[in-house]
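Novice: Chains A and B are the protein sequences, given in the same order.
So the mapping is simple: the numbering used here equals the position in the first sequence, first residue as 1, plus 1259.
So the mapping is simple: the numbering used here equals the position in the second sequence, first residue as 1, plus 1259.
Protein chains: 2
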Amino acid sequence: MTECEPFRRIDPDALESFVADVLREVGVVDEHASLLGRALVRADLRGIDSHGVARLETYVRKFEAGGFNPDPDIGAERIALAFARVDADDGPGQAAAVRAMDAAMDMARDAGVGTAVVENSNHFGTAAFYTQRAAEADFIGVSLTNVGPDVVPYGGTEALLGTNPISVAVPTNREFPITLDMATSVVAMGKIDHVAAVTGEEIPDHWAVDADGNPTTDPREVAALRPLGGPKGYGLAVIVDALCGLLSGARASPEIGPLYDEYDEPMRLGHFVTAIDVSAAMDPDDFRARIDEYVDSLKASPTADGVDEVLLPGEPEARRRRENERRGVPLSEGTHESLGRLADRYDRPLP
Amino acid sequence: MTECEPFRRIDPDALESFVADVLREVGVVDEHASLLGRALVRADLRGIDSHGVARLETYVRKFEAGGFNPDPDIGAERIALAFARVDADDGPGQAAAVRAMDAAMDMARDAGVGTAVVENSNHFGTAAFYTQRAAEADFIGVSLTNVGPDVVPYGGTEALLGTNPISVAVPTNREFPITLDMATSVVAMGKIDHVAAVTGEEIPDHWAVDADGNPTTDPREVAALRPLGGPKGYGLAVIVDALCGLLSGARASPEIGPLYDEYDEPMRLGHFVTAIDVSAAMDPDDFRARIDEYVDSLKASPTADGVDEVLLPGEPEARRRRENERRGVPLSEGTHESLGRLADRYDRPLP
């Protein structure tokens, strides 16, 4: 939301209720409708509009057409003392991933660490939603998901890998955990779509390739994304696929169904989460104090031209969240119109 | 070794014995001397010269001056069912990290997953040495280490973070595991030193900064490295520090002692390793078959101009290893001279 002024700001609690109400109208079970409201609005609060309520209309279509199961039987099976497998039963990824992270935290309370893989799942929104849940309970949280193919392998020209994101969150004494949440491509497709639609400017040639697999600077010619730093982002994306897709029994990126268009098709992707219980290693107060000291040393760095302050991973999003909680969730005109259509259809006034 | 022809090739087994013999002369206990021989030569075999026998003379100095403990009491304490802490007692990082990975695999056999942190450790060479050890036993292995400050935080101008590498290895039916092993900076300092010394060419401005913290294209002006992809590599480096330095009780990157110069100073850095037992999730044969199918789908991608084949993470290194096992370990003139000095000093003929 840095490039343009929001069309309107909406109270976050009211927006969350609206999302949940719409989803209940579509037949989504109460618990999942509430969770999706919280997850989507949280993304908007943190400025991750691409994973916020802008997705609601698509989710509704997926639920209506059967690609997302509105009443899934999400089962967690503990396959070892510290390892669980969750079958999402084609339900929303958010519900399955919360279940997986909660199982990982439960196991970590006993074993120091707990891991869960999720199969038969769908789009789970922002990976940070699950790691921050863990960090707020004094666990170091890890969450990964594979997604459908948008990214070429290093040296290849065909989109076979997902943007396969990685999130890790670490407890702090600040009002937010240190939170990494990154795609393993240079940029997300949404960013290129935005440039193509809004500014039309050239993009750097390491972002994407055209239909022939050649690097392109024209955002309208983009056919696939390039991995972050060449072999590094490629390697990270492959590892995410191995953990989320292959180890869980889910599909790997090349086989994952689309979020858009084929609304009756479940995506059948997978997630991988881990929780590490800080208290197994040391008193969490001591750990957070050690983190504080470390953060102070990073913040003490002189800054580059035009930079006011060295920020922690997750700090820009935490600042946006604080502002948006006070001023309201900023919605673009397109997102506002999309919610308006849902409001009319389900006779739920848009707040 | 792509830029210049090696000065000489040496039989890998003979080189390994030479390294171990020299270290035994310095007082390193037998088990660790052998392990260091294997670890350093393995790095050279895989083409990672910067972490191979070129380091031996520095290691010898560290052992002699007391920065590395030649006879450490490396203790592994199981602090939870699936979580261990290893105190390296200022010994060589390789010995501590092998101990940690073996503990992680033992715990994972019971619990599905096992994690170990290491404190009071030193330089551990290539992170892939430990993850490949795990993958060869049908575990997915993760290893991380923090190292001393060479990298600026995103938006900052002072070297406060290490290149803090990440390795993950995944079992396959091929002759090598899928192996990611990457620094979280754009490039390693060694690469810039090489450009400065050998070609003197300009470097891309996203690689490094000068003494004022400004991006530089002159390899002789480089004062610190830049993180991979800006906030992404920065975030990864911070997470590695949190897991390796802060959770273990070791030092974080800004406080880590140098490998060079202050030879009597222990580095007191930390490692983090995890092993995931594939057999907890599925029959390892089935897992490797799933990986095979996935690898085939990546290999089927059309290739970019000038690229013969899409390679897996770790495949270029596996190819070099195969060649070097056959033809001998290639040593540069500088490394050969360095080993020659040790051969003279300890009266051990260089093979």
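All residues carry an ideal CB built from backbone N, CA and C; glycine is no exception.
Let's see if you can read the secondary structure: which residues bound the alpha helix (DSSP H) around B:L1315?
Specialist: Looking up residue 1315 of chain B in the second sequence gives position 56. Taken as a continuous stretch (DSSP letters only), the alpha helix (DSSP H) holding B:L1315 covers 1315-1324.
Novice: Using a Cβ-Cβ cut-off of 8 Å, state whether B:S1309 counts as contacting chain A.
Specialist: Within the second sequence, residue 1309 of chain B is the residue found at index 50, counting from 1. Cβ-Cβ to chain A under 8 Å: no for B:S1309.
Novice: What three-state label does DSSP hand A:I1425 in the structure shown?
Specialist: In the first sequence, counting from the first residue as 1, residue 1425 of chain A sits at position 166. In the structure shown, A:I1425 sits in a strand (DSSP, three-state: E or B).
Novice: Compute every distance between the C-beta of B:A1362 and the non-hydrogen atoms of the ligand SAH, then say whether any falls below 7 Å.
Specialist: As for the ligand SAH, it is missing from this structure, which has no ligand bound.
Novice: Quick one: list the residues of chain B neighbouring A:V1457, beta-carbon separation under 8 Å, in chain order.
Specialist: Position 198 of the first sequence holds residue 1457 of chain A. The contacting residues do not exist; A:V1457 stays about 22 Å from chain B at best.
Novice: Using a Cβ cut-off of 8 Å (strictly closer), state whether A:V1312 contacts chain B.
Specialist: If you number the first sequence from 1, residue 1312 of chain A lands on position 53. So, not an interface residue.
Novice: Do three or more CB pairs link the stretch 1418-1436 of chain A to the stretch 1389-1396 of chain A at distances below 8 Å?
Specialist: The stretch 1418-1436 of chain A is in contact with the stretch 1389-1396 of chain A.
Novice: Which same chain residues, not among the five before or five after B:P1608, have their C-beta less than 7 Å away from its C-beta?
Specialist: Position 349 of the second sequence holds residue 1608 of chain B. These residues qualify, in order along the chain: A1602.
Novice: Would you decide whether B:V1457 is buried or exposed? Buried here means 16 or more other CB atoms lie within 10 Å of its CB.
Specialist: Your numbering for residue 1457 of chain B matches position 198 in the second sequence. Classification of B:V1457: exposed, given that the 10 Å Cβ count is below 16.
Novice: According to DSSP, what are the bridge partners of B:E1378?
Specialist: Looking up residue 1378 of chain B in the second sequence gives position 119. Paired residues: B:D1346.
Novice: Identify whether B:I1269 lies in helix, strand or coil by the three-state DSSP scheme.
Specialist: Working through the second sequence from its first residue, we reach residue 1269 of chain B at position 10. Strand.
Novice: For the alpha helix (DSSP H) holding B:I1438, just list the boundary residues, first then last.
Specialist: To locate residue 1438 of chain B, count along the second sequence from 1; it is residue 179. Here residue 1438 of chain B is Thr; the residue named in the question, Ile, does not match the sequence. Per DSSP, B:T1438 belongs to no alpha helix (DSSP H); it is in the beta strand (DSSP E), 1437-1441.
Novice: Within the same chain, show all residues whose beta-carbon is closer than 6 Å to that of A:R1600, passing over the 5 residues directly before and after it, in chain order.
Specialist: In the first sequence, the residue the question calls residue 1600 of chain A occupies position 341. Within the same chain, A:R1600 has no close Cβ partners at all.
Novice: On the DSSP letters alone, give me the boundaries of the alpha helix (DSSP H) that A:D1545 sits inside.
Specialist: Position 286 of the first sequence, counting from 1, holds the residue named residue 1545 of chain A. Unbroken alpha helix (DSSP H) run through A:D1545: 1543-1558.
Novice: Let me know the secondary structure DSSP gives B:L1304 once reduced to three states.
Specialist: Translated into the one-based positions of the second sequence, residue 1304 of chain B becomes position 45. Correct three-state label for B:L1304: helix.
Novice: Identify, in the order they occur along the chain, each residue of the same chain with its Cβ nearer than 6 Å to the Cβ of A:Y1522, setting aside the five sequence neighbours on each side.
Specialist: Residue numbering aside, residue 1522 of chain A sits at position 263 when the first sequence is read from its first letter. Excluding residues within five positions, the ones whose Cβ falls inside 6 Å are R1320, K1321, A1324, G1326.
Novice: If you compare alpha carbons, which of B:V1372, B:K1491, B:P1610, B:G1472 is closest to B:A1215?
Specialist: Residue 1215 of chain B lies beyond the residue range present for chain B, which begins at 1260 and ends at 1610; the question has no answer from this structure.
Novice: Taking B:R1314 and B:L1299 to be in contact with their CB atoms under 8 Å, please state how far apart those CB atoms are, rounded to whole angstroms.
Specialist: For the purposes of this step, residue 1314 of chain B is taken as residue 55 along the second sequence, with counting starting at 1. For the purposes of this step, residue 1299 of chain B is taken as residue 40 along the second sequence, with counting starting at 1. Yes, B:R1314 and B:L1299 are in contact; Cβ-Cβ is about 6 Å, under 8 Å.
Novice: For A:G1599, which three-state DSSP category applies?
Specialist: Within the first sequence, the letter at position 340 stands for residue 1599 of chain A. If DSSP states are grouped into helix, strand and coil, A:G1599 belongs with the helices.
Novice: For B:D1606, is the classification buried or exposed, using 16 other Cβ atoms within 10 angstroms of its Cβ as the cut-off for buried?
Specialist: Walking along the second sequence from the start, residue 1606 of chain B turns up at place 347. So B:D1606 ends up on the exposed side.
Novice: Name the DSSP beta bridge partners of A:I1399, please?
Specialist: Against the first sequence, residue 1399 of chain A aligns to sequence position 140. In DSSP, A:I1399 forms a bridge with A:I1535.
Novice: Can you check which of these residues, B:D1555, B:A1428, B:I1269, is closest to B:G1573 by C-alpha distance?
Specialist: Residue numbering aside, residue 1573 of chain B sits at position 314 when the second sequence is read from its first letter. Among B:D1555, B:A1428, B:I1269, the Cα nearest to that of B:G1573 is on B:A1428.
Novice: Who are the neighbours of A:Y1493 on chain B, taking C-beta pairs under 8 Å?
Specialist: The sequence position of residue 1493 of chain A within the first sequence is 234, counting from 1. Residues of chain B passing the Cβ test: P1572.
Novice: Give the residues of chain B in contact with A:F1546, contact being defined as C-beta atoms less than 8 Å apart.
Specialist: For the purposes of this step, residue 1546 of chain A is identified with residue 287 of the first sequence, where counting begins at 1. Near A:F1546 (Cβ distances below 8 Å), the residues of chain B are L1505, L1506.
Novice: By the 10 Å Cβ neighbour count, where 16 or more other Cβ atoms means buried, how is B:D1303 classified, buried or exposed?
Specialist: Here residue 1303 of chain B refers to the residue found at position 44 of the second sequence. Under this definition B:D1303 is a buried residue.
Novice: For the alpha helix (DSSP H) containing A:R1586, name the first residue and the last one.
Specialist: Along the first sequence, read from residue 1 onward, the residue named residue 1586 of chain A stands at position 327. Counting along the chain, the alpha helix (DSSP H) containing A:R1586 begins and ends at 1574-1586.
Novice: In this structure, how does DSSP classify A:I1333 when only helix, strand and coil are distinguished?
Specialist: Locating residue 1333 of chain A in the first sequence gives position 74, counting from the first residue. DSSP places A:I1333 in coil when its eight states are reduced to three.
Novice: Is the Cβ of B:V1376 closer than 8 Å to any Cβ of chain A?
Specialist: Here residue 1376 of chain B refers to the residue found at position 117 of the second sequence. For B:V1376, the answer is yes, since a Cβ of chain A falls inside 8 Å of its Cβ.
Novice: Please list the residues of the stretch 1329-1349 of chain A that have a C-beta atom closer than 7 Å to any C-beta atom in chain B, keeping them in chain order.
Specialist: Those residues of the stretch 1329-1349 of chain A that come within reach of chain B (Cβ to Cβ, closer than 7 Å) are I1338, A1339, L1340, A1341, F1342, R1344.
Novice: Compare the beta carbon distance of B:I1307 and B:T1422 with 8 Å and say whether it is the shorter of the two.
Specialist: For the purposes of this step, residue 1307 of chain B is taken as the residue at position 48 of the second sequence. For the purposes of this step, residue 1422 of chain B is taken as the residue at position 163 of the second sequence. In this structure, B:T1422 does not lie closer than 8 Å to B:I1307 by Cβ.
Novice: Quick one: which chain B residues come within Cβ less than 8 Å of A:A1539?
Specialist: Start at 1 with the first residue of the first sequence, and residue 1539 of chain A comes out as number 280. Residues of chain B passing the Cβ test: I1338, A1339, F1342.
Novice: Going along the stretch 1515-1537 of chain A in order, which residues come within less than 8 Å of chain B, judged by CB to CB distance?
Specialist: Residues T1533, I1535, D1536, V1537.
Novice: Need the endpoints of the alpha helix (DSSP H) that A:H1465 sits in, please.
Specialist: Locating residue 1465 of chain A in the first sequence gives position 206, counting from the first residue. That residue, A:H1465, is in no alpha helix (DSSP H); it is neither H nor E in DSSP.
Novice: Give the secondary structure of A:V1406 by DSSP, where H, G and I count as helix, E and B as strand, and everything else as coil.
Specialist: Start at 1 with the first residue of the first sequence, and residue 1406 of chain A comes out as number 147. Coil at A:V1406, not helix or strand.
Novice: Determine the burial state of A:D1280: buried for a count of at least 16 other Cβ atoms within 10 Å of its Cβ, exposed for fewer.
Specialist: As a working mapping, residue 1280 of chain A is identified with position 21 in the first sequence. The residue in question, A:D1280, is buried, as its Cβ has 16 or more Cβ neighbours within 10 Å.
Novice: So with Cβ pairs under 8 Å, would you call B:E1417 a contact of chain A?
Specialist: Counting from one through the second sequence, the residue named residue 1417 of chain B turns up at place 158. Judged by the 8 Å Cβ criterion, B:E1417 is in contact with chain A.
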